[in-house]
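Student: One structure coming up, written as C-alpha cells, with questions to follow.
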Amino acid sequence: RGFLIVFALPQVASIFSALLIFPLSVALADNEKPRVFEKAGNIFIERRVETQKLTNNGKDPVVSPDGKRVAFNRKIVDKECSRDKNLCLEELWLLDLETRAEKRLLELRVDSQDLKIVIREFKNKIFSIDSQTLYFETWLGVAPGETEKGFSRAVHAVNVNGESERFITFGGNPRIVKSAKKNPYGPHISLPGHLVVEKHKEFFPEGIYYDTYWLVSPKGKARVDAGINMGYLTDVFGIELTERVSSASK
C-alpha cells in the first residue's frame, strides 16, 4: 500500500496542475481586447463568440488600451434635449469590465463665460496610452467667428478615478501619439503620450476657416503647428497614432 501511495502522488499532482492551468489559459484568452458597441440605447460587449449587455442607458462607448474599462455617455433620464444650445443633457461615465461597477466621471457645464470651463458634450473620447486618463472634445457653444482666435471646440481630460478634470487646449478630434521615430526635443521630452489635435482657425480676414494639426503635450503645451497637412507629423517625426477603439451603433 505504501508503494501505491508513493507512485500515485505524482499522478494526482499532474492532474491537479492541469486543472489549475486550464482556467488560467481561459482567463488569458479572456484578456484579449473586447469589442463594445451601442444598440438601441444600450452598450454591449462582444468577446470571441459571447455577447453580453453592459448598460441599460449608454452610447458612444470607447475601450481603454488595457481592455479593462469602457468610457461612455449616458443621457440624463426625464430631461429633454435643447437644440438651441446643442445640449443633450448627458453625463460621462466609466465602466470597470472586471467588476462591472459604473462610475460617473463628469457632468456638463454650460453656464460659465470662461470657454476653458464650458463642457457641452463628450465627443471623440480617447484614452491615454496607460489607460489612466480620458480625453474628450467639447463644443463651446459658439461659432468660430464669435471668439477672438476663432476657436469653437476644446479638449479636456479627466483621470479614470474621476479626479483632476482639466482643460488641455482649444481644438478637437484628439488622438494620442503611440510612438515617434524622430524626436527633435531630445531625451528630456517623450513624444509618446502627446496629443495631435485639430484647431479650427481663421485663415483670411474674409472669415474663411480651416483646420490645422497641432502636436500638444499632455498638459496642453503646443509643440508643433503642422499646418493643414497631417503628413508633416508622420514624415518629419515618424509619428504613429493610437486607434480610437469604439464601434458604431448596430
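Per this note's numbering: the sequence shown = residues 1090 to 1339. For each residue, glycine too, the CB sits at the ideal point set by N, CA and C.
Of the residues PHE1211, ALA1315, PRO1281, LYS1192, which one's Cα is nearest the Cα of GLU1252?
Tutor: As a working mapping, residue 1252 is identified with position 163 in the sequence shown. Ranking the options by Cα distance to GLU1252, first place goes to LYS1192.
Student: On a Cα-Cα basis, can you pick out the residue from TRP1182, ASN1250, PHE1256, ILE1218 that is closest to LEU1229?
Tutor: For the purposes of this step, residue 1229 is taken as residue 140 along the sequence shown, with counting starting at 1. Closest by alpha carbon: PHE1256.
Student: Using the C-alpha atoms, what's the distance from PHE1161 back to ASN1175?
Tutor: As a working note, residue 1175 is residue 86 in the sequence shown. As a working note, residue 1161 is residue 72 in the sequence shown. With a pLDDT of 46 at ASN1175, under the threshold of 50, the modelled position of that residue is not reliable, and the figure given next carries that caveat. Those two C-alpha atoms are separated by around 19 Å.
Student: Determine contact between the stretch 1270-1286 and the stretch 1315-1333, defined as no fewer than three beta-carbon pairs at a distance below 8 Å.
Tutor: As far as the Cβ criterion goes, the stretch 1270-1286 touches the stretch 1315-1333, which means the pair count is three or higher.
Student: Taking just the CA atoms, how far does GLU1135 sit from PRO1154?
Tutor: For the purposes of this step, residue 1154 is taken as the residue at position 65 of the sequence shown. For the purposes of this step, residue 1135 is taken as the residue at position 46 of the sequence shown. Taking the straight line from one Cα to the other gives about 16 Å.
Student: Between the beta-carbon of ARG1163 and the beta-carbon of GLU1180, is there less than 7 Å?
Tutor: Numbered from 1 along the sequence shown, position 74 holds the residue referred to as residue 1163. Numbered from 1 along the sequence shown, position 91 holds the residue referred to as residue 1180. Yes, these two residues count as a Cβ contact at 7 Å.
Student: May I have the straight-line CA-CA distance separating GLY1261 from VAL1207, to the nearest angstrom?
Tutor: Mapped onto the sequence shown, residue 1261 falls at position 172. Mapped onto the sequence shown, residue 1207 falls at position 118. Approximately 14 Å between the Cα atoms of the pair.
Student: Take the Cβ of LYS1149 as the centre, count every other Cβ of all protein chains shown within 10 Å, and call the residue buried at 16 or more, exposed below.
Tutor: Numbered from its first residue, the sequence shown carries residue 1149 at position 60. Here residue 1149 is Asp; the residue named in the question, Lys, does not match the sequence. When all chains shown are included, ASP1149 counts as buried.
Student: So, with DSSP's three-state summary, where would you put LEU1322?
Tutor: Here residue 1322 refers to the residue found at position 233 when the sequence shown is read from its first residue. It is helical.
Student: Quick check on GLN1141: does DSSP put it in helix, strand or coil?
Tutor: Reading the sequence shown from its first residue, position 52 is the one you call residue 1141. Strand, per DSSP.
Student: Let me check one thing: in DSSP terms, what residues is ASN1250 bridge-paired to?
Tutor: Taking the first residue of the sequence shown as 1, we reach residue 1250 at position 161. Paired residue(s): none; ASN1250 is not in a bridge.
Student: Please determine, among LYS1288, SER1268, ARG1333, the residue with the shortest C-alpha to C-alpha distance to SER1241.
Tutor: Here residue 1241 is taken as the residue at index 152 of the sequence shown, counted from 1. Closest by alpha carbon: LYS1288.
Student: By the DSSP assignment, the beta strand (DSSP E) with PRO1150 in it spans what residues?
Tutor: Start at 1 with the first residue of the sequence shown, and residue 1150 comes out as number 61. Taken as a continuous stretch (DSSP letters only), the beta strand (DSSP E) holding PRO1150 covers 1148-1152.
Student: SER1263 lies in the beta strand (DSSP E); which residues open and close that run?
Tutor: Locating residue 1263 in the sequence shown gives position 174, where the first residue counts as 1. Looking at the sequence itself, residue 1263 is Pro, so the reference to Ser does not match. Segment 1261-1269, the beta strand (DSSP E) holding PRO1263.
Student: Which residue or residues does DSSP assign as beta-bridge partners of LYS1205?
Tutor: Indexing the sequence shown from 1 puts residue 1205 at position 116. Paired residues: none, contrary to the question.
Student: Looking at C-alpha atoms only, which residue of GLU1127, GLY1156, ARG1137 is the closest neighbour of LEU1143?
Tutor: Here the question's residue 1143 lines up with position 54 in the sequence shown. It is GLU1127.
Student: Locate the beta strand (DSSP E) running through LYS1157, then write down its first and last residues.
Tutor: To locate residue 1157, count along the sequence shown from 1; it is residue 68. Here LYS1157 belongs to no beta strand (DSSP E), and DSSP marks it neither H nor E.
Student: When we look at the beta-carbon of LYS1271 and count the other beta-carbons within 10 Å, is it buried (16 or more) or exposed?
Tutor: Mapped onto the sequence shown, residue 1271 falls at position 182. Exposed, by the Cβ-count rule.
Student: Looking at the strands, I want to know which residues DSSP matches up with PHE1378.
Tutor: Absent from the structure is residue 1378, since the part of the chain shown begins at 1090 and ends at 1339.
Student: Quick one: using the 10 Å Cβ neighbour count with 16 as the cut-off for buried, is SER1213 buried or exposed?
Tutor: Within the sequence shown, numbered from 1, the residue matching residue 1213 stands at position 124. Note that residue 1213 is Asn in the sequence shown, not Ser. When all chains shown are included, ASN1213 counts as buried.
Student: Between ILE1165 and the rest of its own chain, which residues show a CB-CB distance below 7 Å, the 5 nearest in sequence each way excluded?
Tutor: If you number the sequence shown from 1, residue 1165 lands on position 76. So the list reads LEU1178, GLU1179, GLU1180, once near-sequence residues are dropped.
Student: Write down the C-beta distance between TYR1224 and LEU1284 rounded to the nearest angstrom, noting that I regard them as a contact closer than 8 Å.
Tutor: Your numbering for residue 1224 matches position 135 in the sequence shown. Your numbering for residue 1284 matches position 195 in the sequence shown. Right, their Cβ atoms sit about 7 Å apart.
Student: So what's LEU1184 in DSSP terms, helix, strand or just coil?
Tutor: Locating residue 1184 in the sequence shown gives position 95, counting from the first residue. Residue state, collapsed to three classes: strand.
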